[in-house]
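Okay, structure first, notes after.
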Amino acid sequence: MEEIPLSQSLASRRARHERASTALSQLSDASLAALLDAARPLGTGIGGTTWLADVEGVPVFVKRVPVTEVELANPRSTADLFGLPVWSHYGVGSPGGGAWRELAAHVLTSDDVLAGGSENFLLLHHWRVLGGGPRPQVTAAEREESIAFWHGHPGVRRRLEALAAAPADLVLFLERMPHDLRAWMHEGACGMAERELTAITRAMSRLGLWHFDAHFGNTLTDGERLYLTDFGLASSPRFDLTGAERRFLADHATHDRSYVLTHLVNWIVRELGGIADVRLRNEAIRTGDLPALPPAAADVVQRHAPVAAVVNAFYFRLHTETRMAPYPRNVIEHVLH
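Letter by letter, the sequence shown follows residues 0 to 336 of numbering that gives the first Met the number 0.
Printed below as a string of structure tokens:
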């Protein structure tokens, strides 16, 4: 599909949304499946498969999220249906919180854009539950390895085993943006990225939404604005939460803001400072022993290196030691600007 720049004014976005939404809502399940058969595959990740489709001349990003038997039996439920540990929210290979929570987060953010709130989210044109599409096969050994990584927690086992047998897909039809920040980011965008990432986290705070996985691969751009997507780990007090989940969110009020700023600092030090090794990068940020950086990028690092040092140490421990590492709430609150 040829890449044609599209106007990203809110009026233009609404017009494309109305055209795509109307067309998709009028398709039968069989016609929708035929449209998906003609879509171009983009990738496969932990949370599902992604595709690019054309709907009435509107480029549409499609994500297929597996829906398990227990989720089908509890339609639109935002409760934890698997007994997952709260610490499985962290983006370190988590099996995700479920299709209905992901849908609820997209509905919340899309409605906010259409109501004139934040423009930093994608519009959800349509959604439908269809029969399960092609998925990468996970062997029993790979599944056991994942369960062991999550300390053998029975809720994670239930979730992974249910995903392996998921009979259906939640198909999300989303607004398409041309780039992800991981591939597009460049030296001249450091100031814009700092402003936009801050705006995104402020919007999420206003909406009462926690993302937990807002890295550059889940952040899209048209070159003018950033857009956060992929709510596979998202949570909110609006959801049907347990007491433990509510306490977890309250304890992590600073998480998303500190997380996105850390990724920005890490990108600058890695890509502009030339420190690719994770341990060496983290140490340079922690000590301030940094290579020469362009002035604007250096200013961003100076502002946010203190929080990046704390978040890097925390996530390094999550990856390498224990998924149950306590979130350093007090330290982050002290250093976060």
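Glycine included, every Cβ here is placed at the ideal spot set by N, Cα and C.
Please read these numbers as outputs of a predicted model, since none were measured by experiment.
Straight through space, the alpha carbons of leucine 9 and tryptophan 99 are spaced by roughly 27 Å. Between the beta-carbon of histidine 210 and that of leucine 173 there is about 15 Å, and that puts the pair past the 8 Å contact cut.
Taking 7 Å as the cut-off, the Cβ atoms of proline 94 and arginine 157 do not count as close.
Restricted to the region 112-156, the beta strand (DSSP E) segments that are unbroken, complete and at least 3 residues in length are 123-130, listed in chain order.
The three-state reading of DSSP puts arginine 63 in strand, counting E and B together. Taking a C-beta distance under 7 Å as the contact criterion, threonine 253 and glutamate 332 qualify as a contact pair. Three or more Cβ pairs closer than 8 Å define a contact, and the region 174-181 meets that threshold against the region 215-231. Arginine 39 counts as exposed, since fewer than 16 other C-beta atoms from the protein chains shown sit within 10 angstroms of its C-beta. With respect to the C-alpha of leucine 5, the residue from Leu208, Pro327, Glu223, Asp229 having the closest C-alpha is Glu223.
A Cβ-Cβ contact shorter than 7 Å links valine 306 with leucine 335.
By the criterion of a C-beta distance shorter than 6 Å, arginine 256 is surrounded in its chain by Thr200, once the five residues flanking it on both sides are discounted. Under the three-state reduction of DSSP, serine 234 is assigned to strand. Secondary structure note for alanine 22: it is in no beta strand (DSSP E), and the uninterrupted alpha helix (DSSP H) holding it is 9-24.
In the structure shown, glutamate 320 adopts coil according to DSSP, grouped into three states. Between threonine 67 and alanine 165, the CB-CB gap stays under 7 Å.
Fully contained in the region 172-209 are the following alpha helix (DSSP H) runs of length 4 or more, in chain order: 180-183, 189-206. In the structure shown, leucine 80 adopts coil according to DSSP, grouped into three states. With 16 or more other Cβ atoms from the protein chains shown falling within 10 Å of its own Cβ, aspartate 79 counts as buried. Annotation for aspartate 250: the continuous alpha helix (DSSP H) segment containing it runs 242-250.
Take the alpha-carbon of histidine 16 and the one of leucine 317: they are about 39 Å apart.
One alpha carbon belongs to isoleucine 274, the other to arginine 280, and they sit about 6 Å apart. Counting along the chain, the unbroken alpha helix (DSSP H) around valine 69 starts and ends at 68-71. Its Cα nearest to that of glutamate 186, the residue Trp266 stands out among Leu248, Trp266, Leu113. In chain order, Leu173, Arg175 place their CB closer than 6 Å to the CB of phenylalanine 60, counting only its own chain and leaving out the 5 sequence neighbours on each side.
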